[in-house]
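In terms of UniProt numbering, the sequence shown opens at residue 1 and continues consecutively.
Comments concern the structure below.
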Amino acid sequence: MHPRHLDTAERPFVLIWELSQACELACDHCRADAQSRRHPDELTTEEGKRLLEDAAEFGDGQLVVLSGGDPLVRDDVEELVAYGDDLGLRMTITPSGTHSLTRERIEGLADAGLKRMAVSLDGATPASHDDFRGEDGSFAETIRAVEQAREAGLPVQVNTTVCRQTIGDLPEIRDLLREIGAVLWSVFFLVPVGRGRILEPIDPDEADAVMAWLDEVSSEEPFGVKTTEAPHYRRVSIQRDRENADGGQSEREAAGNDGIQRRTGIIAGDGFAFVSHIGEVYPSGFLPESAGNVRERPVYDIYRNAPLFQSLRDRDQLEGKCGSCPYRHVCGGSRSRAYATTGNPLESDPLCPYVPEGYDGPLPWDDDELTGAPPEGVSLGD
């Protein structure tokens, strides 16, 4: 089901379950601040199956992403995938690029009914990727896993973090995705949580420039493009469509995919939910404010009825310039970044440079000019 046709008050488009925070890697951006050992209070196999049963109450075809840490540190992943598949869930996984992702496990996951596997590529070369992931050989392991997944008939998604360290590699990563046959590029704009606090984010004008470039990539490449924690990608796409339409109605609007009034944005708590390794339910893994625990309440009850989730679904409760923005129903800003930088998940997203016409309130940045130009010395073209 396309998110545009989803009632996000009733069900999330994406439900992530963090199976474990344990992982061999020490990635610079890690939200979970992953550890080498598993937590003793992780959800058990039986508790996980009850969670999947509750997730099935959202409706047929609910998308479930098994995440981590490295979810493959658990030996029950194939059992959980098969159980979810039998319940009618669309089971996917985001393993780490480590030795745990063997050909046997990939084939076992495919046989269990896995629908997609996502891997991370944060550099276009072994040197840049391995440095970012904190593990020599991670790049080679990831490419090997992609090839084996394709042999097993599993579509592969690639996740990439955008920050000062990685922005220069984006064009070459784009080329690499084409070569390896990825079906989707999920581009994550850094949120300063976990180990990600030590990384340098890009500026708002740079973010808009990257999103405009991604919009071009999406029309040129065989794989899809989506952003994570950067919902103003939709605003950039709409504005570019209008410019290309010479002031008339854009193709996206004519097709009914925008109109600004149409609600399409998927953000933390509104079309998105996250279950931690110990059962806490967050609007997002990057917004670690618990609304309840699946050991005490079903995940569907928490998602639909918890005040935190309900407030995030009411775009008219947004504050600052996000609350005044005509694009708030198709964008809504990153609630996770607002929370990480202000402590208030309803505040403005500081990564968005757009200022609504007539807005004269406070702005979440310094008095730098917001030109929308790419950073000096970085080319996002061919």
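Every residue gets a Cβ at the ideal spot worked out from N, C-alpha and C, and that includes glycine.
Because the structure is a prediction, the values reported are computed rather than measured.
- Task: Out of 101, 47, 11 and 351, point me to the one whose CA is closest to residue 276's CA.
- Result: Locating residue 276 in the sequence shown gives position 276, counting from the first residue. Looking at the Cα atoms, 47 is the closest of the given residues.
- Query: Is the CB-CB distance between residue 169 and residue 128 below 8 Å?
  - Reply: Translated into positions along the sequence shown, residue 169 becomes position 169. Translated into positions along the sequence shown, residue 128 becomes position 128. Their beta carbons are under 8 Å apart, which means residue 169 touches residue 128 by this criterion.
- Item | Reference residue 174; option with closest CA among 165, 158 and 189 | On the sequence shown, residue 174 is found 174 positions in, with the first residue counted as 1. The shortest Cα separation from residue 174 among 165, 158 and 189 belongs to 158.
- Distance between residue 41 and residue 221 (C-alpha atoms, nearest Å): As a working note, residue 221 is residue 221 in the sequence shown. As a working note, residue 41 is residue 41 in the sequence shown. Approximately 43 Å between the Cα atoms of the pair.
- Query: How many angstroms separate the CA atom of residue 290 from the CA atom of residue 137?
  - Reply: Residue 290 sits at position 290 when you count from the first residue of the sequence shown. Residue 137 sits at position 137 when you count from the first residue of the sequence shown. Approximately 36 Å, taken between the alpha carbons.
- Task: Evaluate residue 328 with the Cβ neighbour count: other Cβ atoms within 10 Å of its Cβ, from every protein chain shown; 16 or more gives buried, anything less gives exposed.
- Result: As a working note, residue 328 is residue 328 in the sequence shown. By the neighbour-count rule (16 or more Cβ atoms within 10 Å), residue 328 is buried.
- Query: Within the chosen definition, does the segment 56–70 reach the segment 88–107 through at least 3 CB pairs nearer than 8 Å?
  - Reply: Segments in contact, yes.
- Task: Taking only the alpha-carbon atoms, compute the straight-line gap between residue 114 and residue 78 and give it to the nearest angstrom.
- Result: Taking the first residue of the sequence shown as position 1, residue 114 is located at position 114. Taking the first residue of the sequence shown as position 1, residue 78 is located at position 78. Looking at the two C-alpha atoms, the distance is approximately 9 Å.
- How about residue 19 and residue 96: are their beta carbons less than 8 Å apart? If you number the sequence shown from 1, residue 19 lands on position 19. If you number the sequence shown from 1, residue 96 lands on position 96. For residue 19 and residue 96, no; Cβs fall outside 8 Å.
- Below 8 Å between beta carbons: does that hold for residue 223 and residue 182? Sequence index remark: in the sequence shown, residue 223 carries index 223 (1-based). Sequence index remark: in the sequence shown, residue 182 carries index 182 (1-based). Contact flag set, yes.
- Query: Does the separation of the CB atoms of residue 230 and residue 334 fall below 8 Å?
  - Reply: In the sequence shown, counting from the first residue as 1, residue 230 sits at position 230. In the sequence shown, counting from the first residue as 1, residue 334 sits at position 334. It is a contact, given that the beta carbons lie within the stated cut-off.
- Can you check the segment 155–234 for any beta strand (DSSP E) of at least 3 residues that lies completely inside it and give the ranges in chain order? 156–162, 184–189 and 224–228
- Within 10 angstroms of its Cβ, does residue 284 collect 16 or more other Cβ (buried), or is it exposed? Along the sequence shown, one-based indexing puts residue 284 at 284. Result: buried.
- Item | Strand pairing of residue 282, partner residues [DSSP] | Residue mapping note: residue 282 aligns to position 282 of the sequence shown, counting from 1. Per DSSP, 274.
- With a threshold of 16 other CB atoms inside 10 Å of the CB of residue 219, please say whether the residue is buried or exposed. For the purposes of this step, residue 219 is identified with residue 219 of the sequence shown, where counting begins at 1. Under this definition residue 219 is an exposed residue.
- Task: With DSSP collapsed to three states, give me the class of residue 315.
- Result: Translated into positions along the sequence shown, residue 315 becomes position 315. If DSSP states are grouped into helix, strand and coil, residue 315 belongs with the helices.
- Task: Have a look at 228, 245 and 297 and flag the residue whose alpha-carbon is nearest the alpha-carbon of residue 272.
- Result: Within the sequence shown, the letter at position 272 stands for residue 272. Closest by alpha carbon: 228.
- Let me know the secondary structure DSSP gives residue 336 once reduced to three states. Stepping through the sequence shown from its first residue, residue 336 is reached at position 336. Here residue 336 sits in helix by DSSP.
- Task: Pick out the complete alpha helix (DSSP H) segments inside the segment 75–111, 4 residues or longer, and give them in chain order.
- Result: Within the segment 75–111, the complete alpha helix (DSSP H) runs of at least 4 residues are 77–86.
- Between residue 341 and residue 192, what straight-line distance do the alpha-carbon atoms span, to the nearest angstrom? Counting from one through the sequence shown, the residue named residue 341 turns up at place 341. Counting from one through the sequence shown, the residue named residue 192 turns up at place 192. For residue 341 and residue 192, the gap between their C-alpha atoms comes out near 8 Å.
- Could you check where the alpha helix (DSSP H) with residue 51 kicks off and where it finishes? Position 51 of the sequence shown, counted from the first residue, corresponds to residue 51. 45–56 is the span of the alpha helix (DSSP H), which, as asked, contains residue 51.
- Go to residue 297, then tell me how far its alpha helix (DSSP H) extends in each direction, as first and last residue. Counted from its first residue, the sequence shown places residue 297 at position 297. Careful: residue 297 lies outside any alpha helix (DSSP H) and carries neither H nor E.
- Query: How many whole angstroms separate the CB atoms of residue 172 and residue 124, which I take to be in contact at a CB cut-off of 8 Å?
  - Reply: Taking the sequence shown and counting its residues from 1, the one referred to as residue 172 is at position 172. Taking the sequence shown and counting its residues from 1, the one referred to as residue 124 is at position 124. Taking C-beta atoms under 8 Å as the contact rule, residue 172 and residue 124 qualify, at a distance of about 3 Å.
- Task: Mark residue 295 as exposed unless 16 or more other C-beta atoms lie within 10 angstroms of its C-beta, in which case mark it buried.
- Result: Within the sequence shown, residue 295 is the residue found at index 295, counting from 1. Classification for residue 295: exposed.
- Task: Report the partner residues of residue 116 according to the DSSP bridge assignment.
- Result: As a working note, residue 116 is residue 116 in the sequence shown. Residue pairing by DSSP puts residue 116 in a beta bridge opposite 92.
- Where does residue 127 sit, in a helix, a strand or coil, going by DSSP? One-based indexing of the sequence shown puts residue 127 at position 127. The answer is helix: DSSP assigns residue 127 an H, G or I state.
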